[in-house]
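Chemist:
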Amino acid sequence: MCACAFVYLAVVGVTGTSDAVVFGNFAGGAAILGVGTAVMYPNLIGAVAEHADPTWRASCVGTYRFWRDLGYAVGGFVLGAAADRSSASVSAGVGAVLTFVVSLLFGVWYRDRVEGALDMQHLELGIKEGGEC
1 MCACAFVYLA VVGVTGTSDA VVFGNFAGGA AILGVGTAVM YPNLIGAVAE HADPTWRASC
61 VGTYRFWRDL GYAVGGFVLG AAADRSSASV SAGVGAVLTF VVSLLFGVWY RDRVEGALDM
121 QHLELGIKEG GEC
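Each residue of the sequence shown is one higher than the one before, starting from 1 at the first, in UniProt numbering.
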């Protein structure tokens, strides 16, 4: 659920920058957006890796990254078209709403894998028998 909180923080940042007239408001919204996205993306990719079996984890993470990057490209076209048809603030609002809806879906569908989380018995710690490294 931590990732959802940072997605919401990113949404607040986008909405803060969408109608900013004063530079300080824009800079504050941009800072909130930057913190939200910078902390959100490692959490999301970690969640994908956590739910993948080790034998296909690399493929799973690659698939996640493909769809994420495709979302960047398609999102740029969609939000650019929205900005052309109306204004940049409407485009930012559309992006904030879409991000918020996706974060709600993530919050509803995602469940942490409690079993096996930080299972120290399965980690290779490099310790030989007898306690020597």
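Glycine included, C-beta positions come from ideal geometry on N, C-alpha and C.
(1) Give me the residue from S87, A92 and I45 with the minimum Cα distance to W67.
(2) Tell me where the alpha helix (DSSP H) around P54 begins and ends.
(3) What's the gap between the Cα of R85 and the Cα of R111?
(4) From L118 to V108, what does the alpha carbon distance come to, in whole angstroms?
(5) So what's V74 in DSSP terms, helix, strand or just coil?
(6) Going by DSSP in three states, V12 sits in which element: helix, strand or coil?
(7) Who are the near neighbours of R65 in its chain, counting only those whose CB is closer than 8 Å to its CB and skipping five residues on each side?
Modeler: On the basis of the supplied data:
(1) Measuring from the Cα of W67, the nearest candidate turns out to be I45.
(2) Looking at the DSSP string, P54 is not in any alpha helix (DSSP H), and its letter there is neither H nor E.
(3) Taking the straight line joining both Cα atoms gives about 39 Å.
(4) Reliability fails at L118, whose pLDDT of 48 lies under 50, so the model's placement of it is uncertain and the value that follows must be treated cautiously. When rounded, the distance between both Cα atoms is 24 Å.
(5) Correct three-state label for V74: helix.
(6) The answer is helix: DSSP assigns V12 an H, G or I state.
(7) For R65, where only same-chain residues beyond five positions count, the Cβ hits under 8 Å are I45.
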